[in-house]
Amino acid sequence: MMDRRAFMTSLAVAGLGLAGKSGPALADATEMRRRALDFQVGLPERPWLLGWQTMDAPTCAAEPGEISLEGRIPADLKGSLLRNGPGGHEVFGHRYRHWFDGDGLVHRFRLADGQVHHDGRIIDTPKWRAEQAAVAPLFDTFDTDVDGLSFNSTPDSINPANINIIRHAGRLLALWEGGSAAELDPQTLAFRSFVTLSPKTRGLPFSAHPRLDRDGTLWSFGHAGYAGKIVLYRVRPDGTLHTAHLIDATATPLVHDFMITERHVIFILTPWRYDRKAKGTFLERYDWRPEDGGQALVVDKDDPTSQRIIDLPPFWTYHFGNAWEDRSGIIRFDHCGYADPSATTSDFRQVMRGEQPTGGHGASYRLAQIDPRRGSFSEEVMIDGPGAEFPRVHPDRMGQRTDHAVILLADPDAGAEHPHFTTTAMVDRESGRIDAFVHGPTEIAEEAVFVPTTGANDNAGWVLQTVLDFKDARTRLKIFDARDIASGPVAVATLPYAVPLGLHGNFVKG
Ligand SMILES: [Fe+2]
0 MMDRRAFMTS LAVAGLGLAG KSGPALADAT EMRRRALDFQ VGLPERPWLL
50 GWQTMDAPTC AAEPGEISLE GRIPADLKGS LLRNGPGGHE VFGHRYRHWF
100 DGDGLVHRFR LADGQVHHDG RIIDTPKWRA EQAAVAPLFD TFDTDVDGLS
150 FNSTPDSINP ANINIIRHAG RLLALWEGGS AAELDPQTLA FRSFVTLSPK
200 TRGLPFSAHP RLDRDGTLWS FGHAGYAGKI VLYRVRPDGT LHTAHLIDAT
250 ATPLVHDFMI TERHVIFILT PWRYDRKAKG TFLERYDWRP EDGGQALVVD
300 KDDPTSQRII DLPPFWTYHF GNAWEDRSGI IRFDHCGYAD PSATTSDFRQ
350 VMRGEQPTGG HGASYRLAQI DPRRGSFSEE VMIDGPGAEF PRVHPDRMGQ
400 RTDHAVILLA DPDAGAEHPH FTTTAMVDRE SGRIDAFVHG PTEIAEEAVF
450 VPTTGANDNA GWVLQTVLDF KDARTRLKIF DARDIASGPV AVATLPYAVP
500 LGLHGNFVKG
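Numbered per numbering that gives the first Met the number 0, the sequence shown finishes at 509, counting up by one with no gaps.
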């Protein structure tokens with residue numbers, strides 16, 4: 000077992016001192032203020048940009064008397080839908096360049112006794128607190144140069160905790176992917192501390208997309224693209240670290256999500272490569288090189304030194320639904336694949352400066368298979384783009400066969416008055432059936448969350464779907480019977496305010 004020094008040395012984690020920071024360099028500050036103005040200029044013409052408006056207060060809350068409820072909350076749906084995403088898009092009038100830059104906004108819908116409560120807050124990370132004290136942005140982010148230094152300050156000093164939120168081993172964790180998991184107070188949602196799984200992994204990247212095994216083990220990874228390494232974490236059901244293993248990924252691809260099966264951990268290494276010599280923001284240092292092709296890295300769960308590499312065609316993927324091995328050992332999985340990552344490098348910047356996205360960069364929903372013994376890969380498109388994203392399956396069946404997934408679609412024929420997600424769909428990969436509901440023309444849908452009920456079917460339960468109605472400036476929670484999405488929601492709770500669009504969420508029972 001490597002000690003911390005060797006572990007860190009092999010990761011080559013840089014730790015630039017933060018002393019002397021007093022705010023953004025003049026050119027950066029001017030650009031950030033101009034971007035805030037550009038966004039306000041674009042908003043009246045493109046009112047759907049409300050989804051990317053900054054959270055204008057550090058907290059929000061609404062009690063049942065302030066929340067309009069149509070229909071009835073299912074009696075067996077008890078707990079909280081928690082969501083997270085960048086919501087602090089501006090720091091004292093300085094607007095970030097990219098959707099993924101902002102401070103984490105965590106919020107929750109608590110369902111109890113047939114009523115809905117809502118609350119949320121910008122996560123008060125050390126980064127957020129330091130900037131509040133300075134009354135200025137201080138730190139570089141994913142795609143905004145704030146201080147003119149490179150994106151290699153100590154990871155947790157710039158950690159916005161802004162991608163996902165999960166509960167594991169009784170801890171509520173807000174997840175970024177460039178630094179540690181952030182533990183939140185389960186009552187107030189306030190930041191408690193960064194999670195250190197072991198001294199040797201202190202401050203190392205921890206993914207926003209851990210996978211929960213059926214025995215309660217949490218598998219995760221840390222992508223240190225700058226070092227050409229992936230840290231594979233195996234966390235016991237009680238929250239303690241079983242192992243942290245370093246995997247070589249010398250091609251330094253961007254890795255956002257991964258998969259588990261009964262026996263394996265699988266990484267898809269796309270040809271979106273980190274260039275150590277490049278200058279600019281973290282995102283600007285990535286280069287799309289389709290000529291290099293991709294690779295699947297299949298790692299043995301019990302012996303991470305046992306790995307197979309399978310060549311893939313070039314594609315970019317953020318999110319996988321699920322993966323499993325069939326009886327012949329073939330690994331099957333579903334994902335939302337893009338021809339290239341230009342949605343990230345263009346659309347998600349354009350919305351931040353109040354512009355219409357160039358578009359046409361959406362993903363298709365694909366069913367793929369890898370044969371590790373033959374070293375082969377194939378896939379078919381089940382739903383063609385543009386715009387299939389956020390595949391979610393039965394949360395207790397990670398690594399086991401699932402036939403159903405909930406996904407979001409951006410259907411250009413849905414009559415929407417915005418360019419984002421229009422439709423919630425339950426897809427059955429075996430029958431090819433798609434059970435879908437199109438939201439209102441001024442409603443933008445976010446990632447849906449599947450909450451299973453008892454039963455053998457992997458689509459028995461409820462689908463929790465949040466939408467932002469930019470015309471009414473209201474966020475809604477819609478609850479669907481997962482076996483009958485097309486009939487529409489059985490309940491709709493409308494908040495008295497709009498919450499900026501987020502990224503990921505999960506349901507916590509209780
Ligand atoms: Fe994600």
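For each residue, glycine too, the CB sits at the ideal point set by N, CA and C.
Quick check: the Cα distance between residue i and residue j, rounded to an integer number of angstroms?
i: His208; j: Ile229; result: 14 Å
i: Phe420; j: Ala338; result: 19 Å
i: Asp139; j: Arg373; result: 44 Å
i: Trp323; j: Thr422; result: 27 Å
i: Arg400; j: Asn456; result: 11 Å
i: Leu174; j: Val450; result: 21 Å
i: Thr344; j: Pro198; result: 36 Å
i: Arg396; j: Leu211; result: 9 Å
i: Asp286; j: Trp271; result: 6 Å
i: His503; j: Ala160; result: 12 Å
i: Val12; j: Leu68; result: For Val12, the predicted model reports a pLDDT of 42, less than 50, meaning its position is unreliable; a value from the coordinates is still stated below. Distance between the alpha carbons of Val12 and Leu68 is about 50 Å.
i: His93; j: Gly41; result: 16 Å
i: Gly113; j: Thr453; result: 20 Å
i: Ala277; j: Tyr225; result: 11 Å
i: Pro340; j: Gly64; result: 44 Å
i: Asp237; j: Val134; result: 40 Å
i: Ser305; j: Pro394; result: 27 Å
i: Ala295; j: Ser192; result: 34 Å
i: Phe190; j: Ala181; result: 7 Å
Could you give the C-beta distance for residue i and residue j, rounded to a whole number, given that I count them as a contact under 8 Å?
i: His499; j: Trp51; result: Checking the sequence, you will find Pro at residue 499 rather than His. The Cβ separation is near 7 Å, so the contact holds.
i: Ile522; j: Leu467; result: The structure shown does not extend to residue 522, since the chain spans only 0 to 509, so no value can be given for it.
i: Gly86; j: Gly353; result: At roughly 17 Å, the Cβ-Cβ gap does not stay under 8 Å, so Gly86 and Gly353 are not in contact.
i: Ile329; j: Asp370; result: 5 Å
i: Asp274; j: Arg284; result: 5 Å
i: Lys508; j: Lys77; result: 7 Å
i: Ser219; j: Thr195; result: Not a contact, Cβ separation roughly 14 Å.
i: Gly386; j: Ala409; result: 3 Å
i: Phe436; j: Phe479; result: 7 Å
i: Val380; j: Arg365; result: 5 Å
Looking at residue i: is its Cβ nearer than 9 Å to the Cβ of residue j?
i: Phe332; j: Phe141; result: no
i: Pro204; j: Gly221; result: yes
i: Met351; j: Arg96; result: yes
i: Tyr232; j: Leu253; result: no
i: Thr493; j: Ile66; result: yes
i: Ile433; j: Cys335; result: no
i: Gly22; j: Pro154; result: no
i: Asp256; j: Thr316; result: yes
i: Ile244; j: Pro303; result: Per the sequence shown, residue 244 should be read as His rather than Ile. Yes. Within cutoff.
i: Glu130; j: Phe91; result: yes
i: Asp75; j: Leu188; result: no
i: Arg213; j: Gly487; result: no
Can you check which of these residues, the options, is closest to residue i by C-alpha distance?
i: Ile309; options: Ile259, Ala243, Ile265; result: Ile265
i: Phe314; options: Phe99, Pro289, Gly177; result: Pro289
i: Leu183; options: Val90, Leu171, Pro154, Tyr285; result: Leu171
i: Pro43; options: Glu69, Arg94, Gln355; result: Gln355
i: Thr239; options: Thr200, Ala387, Gln294; result: Thr200
i: Gln39; options: Trp287, His88, Ile329, Ala181; result: His88
i: Val511; options: Gln464, Gln349, Ser192, Leu502; result: Because the chain here runs from 0 to 509, residue 511 falls outside it and cannot be looked at.
i: Thr29; options: Thr143, Phe108, Gly64, Ile72; result: Thr143
i: Phe108; options: Met31, Lys477, Glu416, Val489; result: Lys477
i: Trp461; options: Glu416, Arg428, Ala404; result: Ala404
i: Met425; options: Gly439, Pro198, Leu268, Glu446; result: Glu446
i: Glu176; options: Arg213, Asn158, Ser206, Asp55; result: Ser206
i: Asn321; options: His417, Gly202, His263; result: His263
i: Ile267; options: Gly384, Leu311, Asp27; result: Leu311
i: Asp146; options: Arg473, Met31, Pro488, Pro418; result: Met31
i: Ala413; options: Pro394, Gly439, Tyr496; result: Gly439
i: Gln349; options: Asp55, Pro418, His318; result: Pro418
Query raised in the report: Contact between the stretch 98-106 and the stretch 120-135: three or more CB pairs below 8 Å?
Result: yes
Query raised in the report: Is the stretch 54-63 close to the stretch 360-368, with three or more CB pairs under 8 Å?
Result: no
Query raised in the report: Counting pairs of beta carbons, one from the stretch 79-99 and one from the stretch 155-167, are three or more of them closer than 8 Å?
Result: yes
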